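All remarks here apply to the structure that follows.
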Amino acid sequence: MIEFLETYKQTIIYGVIVIAVIIVLRILTNKLHHWLSKEKQRKFPGEPSKPLNVLKRILNTLWVVLGLIALTFLIVDETQQSMLANEFKTALHIGVVLALTVIAASTSNMWFKYDIKKKIENEQDPTSFQFLRYVVLVVIYFVGILLCLLAFPSLKGVAQTALGGAGVMALIAGLAAQEALANIIGGLFIITFKPFKVGDLVKVTDTMVGRVVDITLRHTVIRNFENKMIVIPNAIINKEKLINYDMGELKCCERIEIGISYDSDVDLAKKIMQEECENHPLILDNRTEEDIQEGKPIVRTALVKLDDFSVIIRAWTWERSYSDSFQLKVDVLESIKKRFEKEGIEIPFPYRTIVMKNNKD
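For the sequence shown, the numbering used here begins at -19 and goes up steadily by one.
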């Protein structure tokens, strides 16, 4: 009887100690999470706290799982305790690896973001670092998952089975990952040959025009002028003939075309278009010294087409950038129309002549 009471007492003490340790570890984890969140907001304001929240959940779950396994030792016989010890080691291994993976990934991500921000502030190209950030994160998570899988001895048999059909598995994996690999290789080509970089204004098609905001392993993200994100797989954007407005010389030539009626004064219309374009503050004088000496105008105008119901007049204007070009065009179209109305120059619309024939019996 005394021996039974002594065993019961030891069991109670063991259980209380395990529960107390779990509670203490969870309290310490929560306090550590609170302190790390405050430090992160102080040093990196605006950064999301999701990685820290994930780390907190992993650690709290780990303490509970380890505690339950430890308490299970009280209700099993000695033959099953060795199996529980292995499960305890496996759970500890997986928990520690997951925690270290989250810590390594979040630390690397913050370091890359901080370095990218510094490069942008110093007007340097952050594209390579932004792409490398995704590569490093993928490698960290891949290694973490691999280390977690190695905690299960039974997976060795699965690996041997997979190696037995290596040819078939490689063929299936190659077909399944063909598009993914094409996107990754496309991303590497973009980083290597730099047809564009983060921050460049590009035109892929008439409906896909905007600034590059991100280049990932799989896709390129463009923010258009409607503030909408366009996600284009790297394999596709590598095949397109795109226009990069920020590569090389930024200045560009804009062609402004307006149709006038055949009865209107062509010379007066050309003069009005030239004056309105030259008076705009965003116009760029692209003339050479010889052009200036010869008295050539800043804006050249010409009649370029005789249409069915209108005469097309074109003005060639130069601007410092594509953004200036777009702004000048919309401003000048409005001012030219007002001048045309004031000077009596007609901008025609299509004419239709309808002939009615009477049917004869």
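Cβ atoms here follow ideal geometry from the backbone N, Cα and C, with glycine treated the same way.
This structure is a prediction, so every number in the text was calculated from the model and none was measured.
| task | Tell me V211's beta-bridge partners as DSSP assigns them. | result | By 1-based counting over the sequence shown, the position of residue 211 is 231. Note: V211 sits in a beta bridge opposite V201.
| message | Within a Cβ cutoff of 8 Å, which residues of the same chain sit near V246, ignoring the five residues on either side of it in sequence? | response | Walking along the sequence shown from the start, residue 246 turns up at place 266. Closer than 8 Å at the Cβ level, and outside the excluded window around V246, lie I240, L283, V291, I293.
| Using CA coordinates, which residue listed in M227, A84, E314, I(-1) is at the minimum distance from F173? | Stepping through the sequence shown from its first residue, residue 173 is reached at position 193. With distances taken between Cα atoms, F173 lies closest to M227.
| Backbone CA spacing between K98 and Q61 [nearest angstrom] | Position 118 of the sequence shown, counting from 1, holds the residue named residue 98. Position 81 of the sequence shown, counting from 1, holds the residue named residue 61. Computed Cα separation, rounded: 55 Å.
| message | I need the DSSP call for E326, collapsed to helix, strand or coil. | response | Position 346 of the sequence shown holds residue 326. In the structure shown, E326 sits in coil (DSSP, three-state: anything other than H, G, I, E or B).
| query | Is A160 buried or exposed, if buried means 16 or more other CB atoms sit within 10 Å of its CB? | reply | Residue mapping note: residue 160 aligns to position 180 of the sequence shown, counting from 1. Exposed is the call here.
| Helix, strand or coil at N224 according to DSSP, with G and I counted as helix | Position 244 of the sequence shown holds residue 224. If DSSP states are grouped into helix, strand and coil, N224 belongs with the strands.
| task | Only counting runs of 4 or more residues, tell me where the alpha helix (DSSP H) segments fall wholly within the stretch 268 to 330, in order along the chain. | result | 269 to 273, 302 to 323
| task | Apply the 10 Å Cβ neighbour rule to W91 and answer buried if 16 or more other Cβ atoms are within range, or exposed otherwise. | result | By one-based count along the sequence shown, residue 91 stands at place 111. Its Cβ having fewer than 16 others within 10 Å, W91 is exposed.
| task | Could you tell me if T200 is buried or exposed, where buried requires 16 or more neighbouring beta carbons within 10 angstroms of its beta carbon? | result | Here residue 200 corresponds to residue number 220 of the sequence shown, with the count starting at 1. Buried, because 16 or more other Cβ atoms sit within 10 Å of the Cβ of T200.
| message | For a quick check, are the C-beta atoms of C257 and Y302 less than 8 Å apart? | response | Taking the sequence shown and counting its residues from 1, one reaches residue 257 at position 277. Taking the sequence shown and counting its residues from 1, one reaches residue 302 at position 322. No, these two residues do not count as a Cβ contact at 8 Å.
| Which of helix, strand or coil does DSSP assign to T87? | One-based indexing of the sequence shown puts residue 87 at position 107. In this structure, T87 counts as helix in the three-state DSSP scheme.
| Among A0, I3, R198, E67, which one has its Cα closest to the Cα of P213? | Numbered from its first residue, the sequence shown carries residue 213 at position 233. P213 has its Cα closest to that of R198, out of A0, I3, R198, E67.
| message | On the criterion of 16 or more Cβ atoms from any shown chain inside 10 Å, does I185 qualify as buried, or is it exposed? | response | Looking up residue 185 in the sequence shown gives position 205. Sequence inspection shows Thr at residue 185; the Ile mentioned does not correspond to that position. It is exposed - the Cβ of T185 has fewer than 16 other Cβ atoms within 10 Å.
| said: Across the stretch 45 to 55 and the stretch 79 to 91, are there enough close Cβ pairs to call them in contact, namely three or more that are closer than 8 Å? | reply: no
| Where the alpha helix (DSSP H) containing R37 begins and where it ends | Along the sequence shown, read from residue 1 onward, the residue named residue 37 stands at position 57. Per DSSP, R37 belongs to the alpha helix (DSSP H) from 30 to 52.
| message | Please report the straight-line C-alpha distance between E229 and I170, rounded to a whole angstrom. | response | Here residue 229 refers to the residue found at position 249 when the sequence shown is read from its first residue. Here residue 170 refers to the residue found at position 190 when the sequence shown is read from its first residue. Taking the straight line joining both Cα atoms gives about 20 Å.
| Hey, out of D243, I(-1), R235, T107, whose CA is closest to L46's CA? | Position 66 of the sequence shown, counted from the first residue, corresponds to residue 46. Cα-wise, what sits closest to L46 is I(-1).
| Distance, Cα to Cα, V4 vs V119? | As a position in the sequence shown, residue 4 is number 24, starting the count at 1. As a position in the sequence shown, residue 119 is number 139, starting the count at 1. Distance between the alpha carbons of V4 and V119 is about 34 Å.
| said: Just to confirm my understanding: we take I74, look at its own chain, exclude 5 residues before and 5 after, and list those with CB closer than 7 Å. What are they? | reply: For this step, residue 74 is matched to residue 94 along the sequence shown. These residues qualify, in order along the chain: C128, A131.
| When we look at the beta-carbon of P261 and count the other beta-carbons within 10 Å, is it buried (16 or more) or exposed? | Locating residue 261 in the sequence shown gives position 281, counting from the first residue. Its Cβ having fewer than 16 others within 10 Å, P261 is exposed.
| query | Can you give the beta carbon distance from E314 to S305, rounded, assuming they're within the 8 Å contact cut? | reply | Numbered from its first residue, the sequence shown carries residue 314 at position 334. Numbered from its first residue, the sequence shown carries residue 305 at position 325. That belief does not hold up - the Cβ atoms of E314 and S305 are roughly 16 Å apart, past 8 Å.
| query | How is I67 classed by DSSP in three states: helix, strand or coil? | reply | The residue you call residue 67 lines up with position 87 of the sequence shown. Looking at the sequence itself, residue 67 is Glu, so the reference to Ile does not match. Looking at E67 - three-state DSSP - the assignment turns out to be helix.
| Going by C-alpha distance, which of I272, E270, I327 is nearest D287? | Here the question's residue 287 lines up with position 307 in the sequence shown. It is I327.
| Per-residue burial, N163 [other beta carbons within 10 Å of its own, 16 or more giving buried] | Counting from one through the sequence shown, the residue named residue 163 turns up at place 183. By the 10 Å Cβ count, N163 comes out buried.
| query | Around the C-beta of K69, are 16 or more other C-beta atoms found within 10 angstroms, so that it is buried, or is it exposed? | reply | In the sequence shown, residue 69 corresponds to position 89, counting from 1. By the neighbour-count rule (16 or more Cβ atoms within 10 Å), K69 is not buried but exposed.
| For K219, three-class secondary structure by DSSP | In the sequence shown, the residue the question calls residue 219 occupies position 239. Coil at K219, not helix or strand.
| said: Within a Cβ cutoff of 7 Å, which residues of the same chain sit near Y114, ignoring the five residues on either side of it in sequence? | reply: Taking the sequence shown and counting its residues from 1, one reaches residue 114 at position 134. Same-chain partners within the cutoff: T196, L197.
| message | For V279, which residues in the same chain have their Cβ closer than 8 Å to its Cβ, ignoring the five residues on either side in sequence? | response | As a working mapping, residue 279 is identified with position 299 in the sequence shown. Once the five neighbours on either side are set aside, the close Cβ partners of V279 are M253, Q254, C257, E258, I263, A295, W296, T297.
| query | For the beta strand (DSSP E) that contains E237, what are its first and last residues? | reply | Working through the sequence shown from its first residue, we reach residue 237 at position 257. First-last of the beta strand (DSSP E) with E237: 232 to 240.
| task | Just confirm the distance between the C-beta atoms of G179 and V192, as a whole number of angstroms; I'd bet it's less than 8 Å. | result | Counting from one through the sequence shown, the residue named residue 179 turns up at place 199. Counting from one through the sequence shown, the residue named residue 192 turns up at place 212. The pair is a contact, with the Cβ atoms about 7 Å apart (cut-off 8 Å).
| task | Find the nearest neighbour of Y225 within the set N218, K251, P175, judged by alpha-carbon distance. | result | Numbered from its first residue, the sequence shown carries residue 225 at position 245. Per the Cα distances, P175.
| task | Look up K177 in the DSSP assignment and say whether it is helix, strand or coil. | result | As a position in the sequence shown, residue 177 is number 197, starting the count at 1. The answer is coil: DSSP assigns K177 none of H, G, I, E or B.
| For N266, which residues of its own chain have a beta-carbon under 6 Å away from its beta-carbon, when the five flanking residues on both sides are left out? | Position 286 of the sequence shown, counting from 1, holds the residue named residue 266. Here the set comprises W298.
| request: Output the distance between the C-alpha atoms of Q140 and R37, rounded to the nearest integer angstrom. | output: Against the sequence shown, residue 140 aligns to sequence position 160. Against the sequence shown, residue 37 aligns to sequence position 57. Low confidence applies to Q140: its pLDDT is 43, below 50, so where it sits in the model is not reliable enough to give any reading.
| message | Output needed for V148: all residues of its chain with C-beta closer than 6 Å, excluding positions within five of it in sequence on either side, in chain order. | response | Reading the sequence shown from its first residue, position 168 is the one you call residue 148. Here the model assigns V148 a pLDDT of 47, short of 50, so the residue's position is not dependable and the matter cannot be decided.
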